[in-house]
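Chemist:
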Amino acid sequence: MKRALIDLERQVGDALISDDRSGIDVLGYGEISTVLRLTVDGRSYACKRLPPFPENAIGPYREACTAYLVALGERGIRTASSTIEIVPTEGHSVIYCVQPIEDVLLVDRLRTAGPDEVATLADRLVAVIDEAIDERLGLDAQISNWALDSDGEFVYIDVTTPLIRDDDGNEMLDTDLFLASLPAFLRPVVRRFLLGEILSHYYDARAALLDLIGNLKKERLGDAIPVFLDAANRVVDPPITDKKIDRYYRNDAVMWEVLQRLRKSDRWWQRTVRRRGYPFLLPGKVDR
Ligand SMILES: Nc1ncnc2c1ncn2[C@@H]1O[C@H](COP(=O)(O)OP(=O)(O)OP(=O)(O)O)[C@@H](O)[C@H]1O
Ligand SMILES: [Mg+2]
């Protein structure tokens, strides 16, 4: 696996320099990581490439991930089997989180399911989320972060942002690592005014469900919104309203769109003016 990852990282490096993605198979662009497909000995893996970390941040990151996986398990959440691999490249190391490819993604199942199955899945997922989340353990509950295993149980796949707090309520994750994907001038502003707010949503079941429902539209699952809204409103108080969903979706879409544009300008600046490499693969145009 290590050998294959080193080759993969070399291909990513080439893609970053040439801006030609034809040599790599991108499964998904996250706001932070890039997910690449890699086939080794006939088995396919989802390899999540994290932003470049300083060497001394790698150990603590791995610890936070391990603690997160354990805590999720204790709350009854199945997670995709995940290994953290450190891939050496020239000058620094890159972290990959490697998972077997899940055969059934929840978004795909929902697209083909009949109304009764959608309602059952919605009820069950809402219950899983509501029981797991508290102020110590967070979830990015969005629909694209779940798969279904052969028992039909939900499997959480987006484990690269460990949303777990210690006994004193501090994030185990060094959040600066994730701010590094933003243009430098933005980082202090986001750290000071937005980070706490963004993170707090993951540790609150109502906010996490609002996020899940608000993003169904982005996944072309708008028809499922009323069903998920009913399911959520059976467990949250005060109830989530349609108006709130609309407003949420618009704000969220605008925020990420602005961030993506800023990153693209930053990439242009770094490459053209500063004549430096830019270390992230950015998505093309995202339909929101
Ligand atoms: N194990 C997997 N099997 C199949 N597809 C996967 C797997 N892991 C990720 N994917 C695909 O890649 C997409 C993005 O992966 P994931 O949610 O883990 O990261 P992310 O959203 O990029 O994370 P972040 O936004 O926190 O950086 C998923 O929504 C899914 O479509
Ligand atoms: Mg995700």
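Here the sequence shown stands for residues 13 to 300, where the numbers follow the numbering used here. Think of the CB as a built atom: it goes at the ideal place given N, C-alpha and C, for glycine as much as any other residue. Source: prediction; values computed, not measured.
1) Could you spell out the range, first to last residue, of the beta strand (DSSP E) harbouring Tyr108?
2) Our contact map puts Ala159 next to Val167 with C-beta atoms below 8 Å; I'd like the distance itself, whole angstroms only.
3) Which ranges does the beta strand (DSSP E) cover as unbroken runs of at least 3 residues, wholly within the stretch 122-209, from first to last along the chain?
4) Can the beta-carbon of Thr37 be found closer than 9 Å to that of Leu28?
5) For Val130 versus Val239, is the C-beta spacing smaller than 9 Å?
6) Identify, in the order they occur along the chain, each residue of the same chain with its Cβ nearer than 6 Å to the Cβ of Trp280, setting aside the five sequence neighbours on each side.
7) Could you tell me the distance, in whole angstroms, from the CA atom of Gln282 to the CA atom of Arg74?
8) Of the choices Arg61, Val116, Leu222, whose alpha-carbon is the least far from that of Lys256?
9) Tell me whether the beta-carbon of Ile18 lies closer than 9 Å to the beta-carbon of Pro100.
10) Count the other CB atoms within 10 Å of the CB of Val270; is the residue buried (16 or more) or exposed (fewer)?
11) Sort out for me which residues DSSP pairs Arg56 with in a bridge.
12) What residues are listed by DSSP as bridge partners for Gly85?
13) How should Glu147 be labelled, buried or exposed, when 16 other C-beta atoms within 10 angstroms of its C-beta is the threshold for buried?
14) Which value, in whole angstroms, describes the spacing of the CA atoms of Asn182 and Val138?
15) Which residue marks the beginning of the alpha helix (DSSP H) containing Leu294, and which one marks its end?
16) Spatial neighbours of Gln23 within its chain, please: C-beta separation below 8 Å, excluding the five flanking residues on both sides.
17) If you measure from the beta carbon of Arg204 to each beta carbon in chain D, is any gap under 9 Å?
18) Verify whether the separation of the beta carbon atoms of Tyr80 and Glu97 is less than 9 Å.
19) From the DSSP output, read off the bridge partner residues of Pro100.
20) Give the DSSP-derived three-state secondary structure of Tyr41 in the structure shown.
21) Given a threshold of 16 other Cβ atoms within 10 Å of its Cβ, counted over all protein chains shown, does Asp254 qualify as buried or as exposed?
Modeler: Working from what's here:
1) 105-112
2) 4 Å
3) 158-160, 166-168
4) Reading the sequence as shown, one finds Asp at residue 37 and not Thr. Cβ distance not < 9 Å, so Asp37 and Leu28 don't count as in contact.
5) yes
6) none
7) 29 Å
8) Leu222
9) yes
10) exposed
11) Checking the sequence, you will find Ser at residue 56 rather than Arg. Partner(s): Thr51.
12) Looking at the DSSP assignment, Gly85 forms no beta bridge with any residue, so it has no partner.
13) exposed
14) 26 Å
15) Premise fails: Leu294 is in no alpha helix (DSSP H) and is neither H nor E.
16) Gly35, Ile36
17) The structure shown has no chain D; it contains just one protein chain.
18) no
19) Ser105
20) strand
21) exposed
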